[in-house]
Amino acid sequence: MSRNELIFWFSQPPKVERGAYNEISNLWGNKVYYVCYEEYSEFRKALNWDDKNFGNAHVLHLGLESDKKKAVQEFIQKHKAAINIIPGFTSSISRIVLRFLPPKARVCVVTERPVPFFSKNGRIFRMLRWIYWKIRYRQLFLLLNKRINAVLPLGRLGVEAYHSVGWPEDKLFGFMYCPEIEYFSPIIRDNNSDGIRFLYVGRFQYSTKGIDFIQRAVRRIETDNWTLDMAGGYGPDRDDILKWIKSDDRVNFIGAWNSNDVISMINKYDVVIVPSKGEGWNMIVHEAVAASVGVIVTDQAVSHELIEASGAGIVIPSYSVKDLTDAMNLVIENNDIINQWKMKAKEYQYKIDPKVVANYFLDIMDWIYYSSTCKPECPWTIDT
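Numbering of the sequence shown is given in the working numbering, commencing with residue 0 and proceeding in unit increments.
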């Protein structure tokens, strides 16, 4: 089978999805392009996001062009028969690409679920924004349904969100962000180990990351045989969170990590906490599994489906201080569960390997464009 050229369009050069996409570029059998509209921020460059490892893909940086929109138009004209993969429905680059693509172009969307309804401004405000989202994305479905060949939402929650506004099941395929991964074996905890080491990694933000629920849970835990390290330190609520960290001797701020060191650093801990209030796909869950570390995660991280499928941790309701407190106490009072979660993470790692995700993507494209007879199933959520 001879496949068409494949173009991945990006707002910025790929990072969190690059493991699978680089494998796709190796396996595709024709030219694969990464077209990047902007460059990384200086903050992300400092964390080594800009390491320029793009597999066999041909990379075009439009940030260097004097007229980026014209460059998009000219590139599309040169590659009319290509399959175009755009990042979401509302990003700047997606809107520009859709403007210049011919009506019958081959185009698919890889997209997070929209999460405008998770806000710190109260339940009524969140509900109003959720209603707006439903109306807005229903309009996008009616406008684009005939042009878009497939939608690849991140996670089961993403599939459900887009199905709820009209996208038919035969166009929906659950997907994930899959970075370049280095797998680690578990560090088994013995009875002589020091106190439990919890870890939070990510943005310091209350409205989406749920750090306020960590704060409230920690206040309810009276024992001292544990610590919580907070890694990251960027975000809109940084100053307030750093002030809280200084107020509790059990909690430590350890700064930001080089992006290539995240998995190896997670491997040193006992349990990762992901108290998400609502995200498109929380990467830390994925990286914790690669590090062979269990996760306490809420049901709004989207990537929590990896923990449901693997058993490498516990999934709790979002916005529940009680459930987060109970989960942390479960770990503190039952050290054996730490090693059980670590082993289950190790056993599950092969299902999130970039080659597995890449081959699933190829199966999707073959089913859509090349007359494959069986609709692919998401490999990391099915029993094999």
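Built from N, CA and C at the ideal position, the CB exists for glycine as well.
*CB contact flag (CYS107, LEU151, <8 Å)*: For the purposes of this step, residue 107 is taken as the residue at position 108 of the sequence shown. For the purposes of this step, residue 151 is taken as the residue at position 152 of the sequence shown. Yes; because the gap between Cβ atoms is below 8 Å, this pair is in contact.
*With ILE92 and TRP8 assumed to form a contact (beta carbons below 8 Å), what rounded beta-carbon distance in angstroms separates them?*
In the sequence shown, counting from the first residue as 1, residue 92 sits at position 93. In the sequence shown, counting from the first residue as 1, residue 8 sits at position 9. Confirmed, Cβ separation roughly 5 Å.
*Below 7 Å CB to CB, which residues in the same chain sit around ILE83 once its five sequence neighbours on both sides are set aside?*
Here residue 83 is taken as the residue at index 84 of the sequence shown, counted from 1. In the sequence as presented, Ile is not what sits at residue 83; that position holds Asn. Excluding sequence neighbours, ASN83 sits near ILE6, TRP8, VAL96, LEU100, ALA104, ARG105, VAL106.
*Take the Cβ of LYS343 as the centre, count every other Cβ of all protein chains shown within 10 Å, and call the residue buried at 16 or more, exposed below.*
The sequence position of residue 343 within the sequence shown is 344, counting from 1. Flag for LYS343 reads buried.
*In angstroms, rounded to a whole number, what distance separates the CA positions of ASP157 and SER206?*
Counted from its first residue, the sequence shown places residue 157 at position 158. Counted from its first residue, the sequence shown places residue 206 at position 207. The question names Asp, but residue 157 is Gly in the sequence shown. About 19 Å.
*Count the C-beta pairs between the region 361-378 and the region 171-187 that are closer than 8 Å, then say yes if the count reaches three, no if not.*
yes
*asked:* Within a Cβ cutoff of 8 Å, which residues of the same chain sit near ARG338, ignoring the five residues on either side of it in sequence?
replied: One-based indexing of the sequence shown puts residue 338 at position 339. Reading the sequence as shown, one finds Asn at residue 338 and not Arg. Around ASN338: PRO185, ILE187, ARG188.
_Inter-residue Cα distance where the pair is PRO465 and GLN204_ = The requested residue 465 is not part of the displayed model; the chain covers only 0 to 383.
*Identify the residues that DSSP records as bridge partners of ARG105: which are they?*
The sequence position of residue 105 within the sequence shown is 106, counting from 1. Its beta-bridge partners are ILE82.
*Go ahead and pull the three-state DSSP assignment for TRP243.*
Mapped onto the sequence shown, residue 243 falls at position 244. Reduced to three states, the DSSP call for TRP243 is helix.
*How would you write the range of the alpha helix (DSSP H) that ILE331 sits in, first residue to last?*
Sequence index remark: in the sequence shown, residue 331 carries index 332 (1-based). Unbroken alpha helix (DSSP H) run through ILE331: 320-332.
*asked:* For THR207, would you say it is in contact with chain B, using Cβ-to-Cβ distances shorter than 8 Å as the test?
replied: Absence of chain B from the displayed structure is noted, only one protein chain being present.
*For TYR268, which of PHE197, PRO375, PRO13 has the nearest alpha-carbon?*
Start at 1 with the first residue of the sequence shown, and residue 268 comes out as number 269. Minimum Cα distance to TYR268 is reached at PHE197.
_Sequence-distant residues of the same chain with beta carbon closer than 7 Å to LYS133, five excluded per side_ = Working through the sequence shown from its first residue, we reach residue 133 at position 134. The answer, listed in chain order, is VAL164.
*Can you check whether the CB of VAL296 is closer than 8 Å to the CB of VAL270?*
Your numbering for residue 270 matches position 271 in the sequence shown. Your numbering for residue 296 matches position 297 in the sequence shown. Result no, Cβ atoms of VAL270 and VAL296 do not sit closer than 8 Å.
*By Cβ distance below 8 Å, which residues in the same chain neighbour ILE351 in space, the five residues on each side in sequence not counted?*
To locate residue 351, count along the sequence shown from 1; it is residue 352. Around ILE351: MET175, CYS177, ILE180, HIS285, VAL288, ALA289, LEU305, TRP379.
*Contact check, PRO274 vs ASP298 under 8 Å by CB: the rounded distance?*
Stepping through the sequence shown from its first residue, residue 274 is reached at position 275. Stepping through the sequence shown from its first residue, residue 298 is reached at position 299. 11 Å between Cβ atoms; not a contact.
_Distance between LYS14 and GLU38 (C-alpha atoms, nearest Å)_ = Stepping through the sequence shown from its first residue, residue 38 is reached at position 39. Stepping through the sequence shown from its first residue, residue 14 is reached at position 15. If I take the Cα positions, the gap works out to 12 Å.
*What's the C-alpha gap between ILE262 and SER291?*
On the sequence shown, position 263 is the one that residue 262 refers to. On the sequence shown, position 292 is the one that residue 291 refers to. Using only the alpha carbons, I get a separation of about 9 Å.
*Are the region 56-65 and the region 23-39 touching, with three or more C-beta to C-beta distances below 8 Å?*
yes
*Starting from the N-terminal side, write out each stretch of the beta strand (DSSP E) that is 3 residues or longer and does not extend beyond the region 132-188.*
149-152
_Can you tell me whether ASP382 is buried or exposed? The criterion is at least 16 other CB atoms within 10 Å of its CB, across all chains shown._
Here residue 382 is taken as the residue at index 383 of the sequence shown, counted from 1. Looking at its Cβ environment, which holds fewer than 16 other Cβ atoms inside 10 Å, ASP382 is exposed.
*Please go through the same chain and pick out, in chain order, the residues whose beta-carbon is closer than 8 Å to the beta-carbon of PHE88, but skip the five residues on each side of it.*
Here residue 88 corresponds to residue number 89 of the sequence shown, with the count starting at 1. Around PHE88: VAL108, THR110, TYR136, LEU139, LEU143.
*asked:* Using only the alpha-carbon positions, how far apart do GLU307 and VAL294 sit?
replied: Residue 307 sits at position 308 when you count from the first residue of the sequence shown. Residue 294 sits at position 295 when you count from the first residue of the sequence shown. Straight-line Cα distance between these residues: approximately 11 Å.
*Return yes when the Cβ of ALA216 is within less than 8 Å of the Cβ of ILE253, no when it is not.*
Counting from one through the sequence shown, the residue named residue 253 turns up at place 254. Counting from one through the sequence shown, the residue named residue 216 turns up at place 217. No, they are not a contact pair.
*Taking all protein chains shown into account, decide if GLY62 is buried (16 or more other Cβ within 10 angstroms of its Cβ) or exposed.*
On the sequence shown, residue 62 is found 63 positions in, with the first residue counted as 1. By the 10 Å Cβ count, GLY62 comes out exposed.
*In whole angstroms, what separates the C-alpha of ASP228 from that of GLY279?*
Counting from 1 along the sequence shown, the entry for residue 228 is found at position 229. Counting from 1 along the sequence shown, the entry for residue 279 is found at position 280. Cα-Cα distance, rounded: 24 Å.
*Identify which residue in ASP236, LYS242, SER319 has its Cα closest to the Cα of ASN251.*
Here residue 251 refers to the residue found at position 252 when the sequence shown is read from its first residue. The residue with the shortest Cα to Cα distance from ASN251 is LYS242.
*Within this structure, are the beta carbons of ILE272 and ILE331 separated by less than 8 Å?*
Translated into positions along the sequence shown, residue 272 becomes position 273. Translated into positions along the sequence shown, residue 331 becomes position 332. No, the pair does not count as a contact, with Cβ atoms beyond the cut-off.
*Would you call the CB atoms of ASN21 and ALA81 closer than 8 Å?*
On the sequence shown, residue 21 is found 22 positions in, with the first residue counted as 1. On the sequence shown, residue 81 is found 82 positions in, with the first residue counted as 1. No, the Cβ-Cβ distance between ASN21 and ALA81 is not below 8 Å.
_Just to check my reading of the structure: ALA357 and ILE75 have Cβ atoms closer than 8 Å, yes? What is that Cβ distance to the nearest angstrom?_
What you label residue 357 is simply residue 358 of the sequence shown in a count that begins at 1. What you label residue 75 is simply residue 76 of the sequence shown in a count that begins at 1. Not a contact, Cβ separation roughly 25 Å.
*Below 8 Å on the Cβ atoms is my guess for SER302 versus GLY154; work out the distance and round it to an integer in Å.*
Residue 302 sits at position 303 when you count from the first residue of the sequence shown. Residue 154 sits at position 155 when you count from the first residue of the sequence shown. Contact flag correct, Cβ pair sits at about 7 Å.
*Supposed contact pair TYR318 and LYS276 - C-beta distance, whole angstroms, cut 8 Å*: Counting from one through the sequence shown, the residue named residue 276 turns up at place 277. Counting from one through the sequence shown, the residue named residue 318 turns up at place 319. Right, the Cβ-Cβ distance comes to about 7 Å (below 8 Å), so this counts as a contact.
*From TYR36 to HIS162, what distance separates their C-alpha atoms?*
Mapped onto the sequence shown, residue 36 falls at position 37. Mapped onto the sequence shown, residue 162 falls at position 163. Spanning the two alpha carbons is a distance of roughly 29 Å.
*Give me the Cβ distance between ALA70 and PRO353, rounded to the nearest whole Å; I'm assuming they're in contact under 8 Å.*
For this step, residue 70 is matched to residue 71 along the sequence shown. For this step, residue 353 is matched to residue 354 along the sequence shown. With 8 Å as the limit, ALA70 and PRO353 do not qualify as a contact, their Cβ atoms being about 29 Å apart.
*Would you mind sorting LEU323 into buried or exposed? The rule is 16 or more other CB atoms within 10 Å of its CB.*
Translated into the one-based positions of the sequence shown, residue 323 becomes position 324. Result: buried.
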